[in-house]
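Engineer:
Residue numbers (this note's numbering): 10 to 227.
1. Given a cut-off of 9 Å on the beta-carbon distance, is the pair residue 22 and residue 169 in contact?
2. Sort 196, 199 and 207 by Cα distance to residue 181 and report the nearest one.
3. Suppose contacts are defined by Cβ-Cβ distances below 9 Å. Is residue 191 in contact with residue 209 by that definition?
4. Report the residue from 100, 185 and 196 whose alpha carbon sits nearest the alpha carbon of residue 218.
5. For the beta strand (DSSP E) containing residue 172, list its first residue and its last residue.
6. With three or more beta-carbon pairs closer than 8 Å as the criterion, would you say the stretch 59-67 touches the stretch 83-101?
7. What residues in its chain sit with their C-beta under 7 Å from that of residue 151, if we drop five residues either side in the sequence?
8. Pull up the CB-CB distance for residue 175 and residue 203, whole angstroms please, since I reckon it's below 8 Å.
9. Helix, strand or coil for residue 195 per DSSP?
10. Strictly by DSSP, which residues pair up with residue 114?
11. Please identify the residue among 201, 125 and 113 whose C-alpha is closest to the C-alpha of residue 86.
12. Can you pull the DSSP bridge partners for residue 11?
13. At what residue ranges does the stretch 19-45 contain a whole run of the alpha helix (DSSP H), taking only runs of 4 or more?
14. Nearest by alpha-carbon distance to residue 47: which of 32, 58, 56 and 41 is it?
15. With DSSP collapsed to three states, give me the class of residue 129.
And the structure:
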């Protein structure tokens with residue numbers, strides 16, 4: 010049984026669709042690109058710098074400017090345009106009360122992640138939060154996960170990554186830890202399965218089942 014549960018944030022703990030897509034649309038308008046928020050779901054999860062370069066062929070300089078514009082709106086509005094997934098708070102509380110150590114590994118700007126957890130009343134469950142904190146995004150999720158493990162001084166076999174995209178699952182594999190893929194987030198079933206996760210769950214409630222019974226029955 011795992012002792013350390015390392016969570017992704019967007020698409021795993023919170024539904025951040027409105028905040029992320031609206032802020033991405035806002036950033037793109039700065040470059041004269043008009044995209045509707047509902048067409049920007051693929052920006053949820055991966056590092057922003059990476060996504061602006063991949064999907065709009067931005068240079069490093071343009072991507073950095075786009076990230077700055079994204080954060081301009083996010084700091085005022087986007088940070089509040091999110092909500093906990095149903096059952097998540099109860100599951101976090103259950104894991105915490107059963108002695109599990111909880112952490113967050115996210116590509117989101119770290120101060121935003123910390124503030125969101127506080128706004129939603131679940132910050133007390135997380136002893137460690139690692140994200141982007143120097144004005145740039147981590148390029149690879151395994152580096153974020155590795156930073157969390159180091160801060161926890163945890164043995165890898167006692168850690169598991171919980172996330173909704175291939176970035177989380179592949180990142181966990183590369184970091185040398187097990188993973189729990191969540192199918193209720195923004196990653197597609199094909200994407201999740203291609204990452205070869207250790208476990209798959211379809212709701213936050215299944216985390217409680219896993220800790221209580223040591224297995225997951227979907």
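Virtual Cβ for every residue (Gly too), placed ideally from N, Cα, C. Since the model is a prediction, treat every value here as computed from it, not as a measurement.
Structural biologist: Let's see:
1. Translated into positions along the chain shown, residue 22 becomes position 13. Translated into positions along the chain shown, residue 169 becomes position 160. No, the Cβ-Cβ distance between residue 22 and residue 169 is not below 9 Å.
2. Looking up residue 181 in the chain shown gives position 172. Taking only the C-alpha atoms, the option nearest residue 181 is 207.
3. On the chain shown, residue 191 is found 182 positions in, with the first residue counted as 1. On the chain shown, residue 209 is found 200 positions in, with the first residue counted as 1. A contact, by the Cβ cut-off of 9 Å.
4. The residue given as residue 218 occupies position 209 in the chain shown. Considering only alpha carbons, the answer is 100.
5. The count along the chain shown starts at 1 and reaches residue 172 at position 163. Residues 168-172.
6. no
7. Here residue 151 is taken as the residue at index 142 of the chain shown, counted from 1. Result list for residue 151: 180, 183 and 184, in chain order.
8. By one-based count along the chain shown, residue 175 stands at place 166. By one-based count along the chain shown, residue 203 stands at place 194. Yes, they are in contact, since the Cβ atoms of residue 175 and residue 203 sit about 6 Å apart, within 8 Å.
9. The sequence position of residue 195 within the chain shown is 186, counting from 1. DSSP places residue 195 in coil when its eight states are reduced to three.
10. Locating residue 114 in the chain shown gives position 105, where the first residue counts as 1. For residue 114, the beta-bridge partners assigned by DSSP are 139.
11. Reading the chain shown from its first residue, position 77 is the one you call residue 86. Here the closest residue by C-alpha is 125.
12. Numbered from 1 along the chain shown, position 2 holds the residue referred to as residue 11. Residue 11 pairs with nothing; no bridge assigned.
13. 26-38
14. Reading the chain shown from its first residue, position 38 is the one you call residue 47. Cα-wise, what sits closest to residue 47 is 32.
15. Walking along the chain shown from the start, residue 129 turns up at place 120. Coil, per DSSP.
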